[in-house]
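Student:
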Amino acid sequence: MTAKPYQGKGSIIMTNIDSGVHQSKGIIGEILRSLE
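Numbered according to the working numbering, the sequence shown terminates at residue 126, and the numbering increases by one at each position without gaps.
1) From isoleucine 118 to glycine 98, what does the alpha carbon distance come to, in whole angstroms?
2) Ordered along the chain, which non-local residues of its own chain (more than five positions away) have a Cβ less than 6 Å from that of isoleucine 102?
3) Would DSSP call glycine 116 helix, strand or coil?
4) Skipping 5 residues on each side, what residues in its chain have a beta carbon closer than 7 Å to that of lysine 94?
5) Across which residues does DSSP place threonine 92 in a beta bridge pair?
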């Protein structure tokens, strides 16, 4: 879960997989970087 109240943005990402890499380096990281 991320929250950026001053920007009016937030996200909740739920997965049920073990991708073998840290979450910030996998698909979740890509999604979070696209929201910046």
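Just so it is clear, CB atoms sit at the ideal spot from N, CA and C, and this is done for glycine as well.
Tutor: Taking the definition as stated:
1) By one-based count along the sequence shown, residue 118 stands at place 28. By one-based count along the sequence shown, residue 98 stands at place 8. Between the alpha carbons of isoleucine 118 and glycine 98 lies a distance of about 20 Å.
2) Locating residue 102 in the sequence shown gives position 12, where the first residue counts as 1. So the qualifying residues of the chain are Met91.
3) Working through the sequence shown from its first residue, we reach residue 116 at position 26. The answer is coil: DSSP assigns glycine 116 none of H, G, I, E or B.
4) Looking up residue 94 in the sequence shown gives position 4. Contacts found: Gly100.
5) Start at 1 with the first residue of the sequence shown, and residue 92 comes out as number 2. In the DSSP secondary-structure assignment, threonine 92 is bridged to Ser101.
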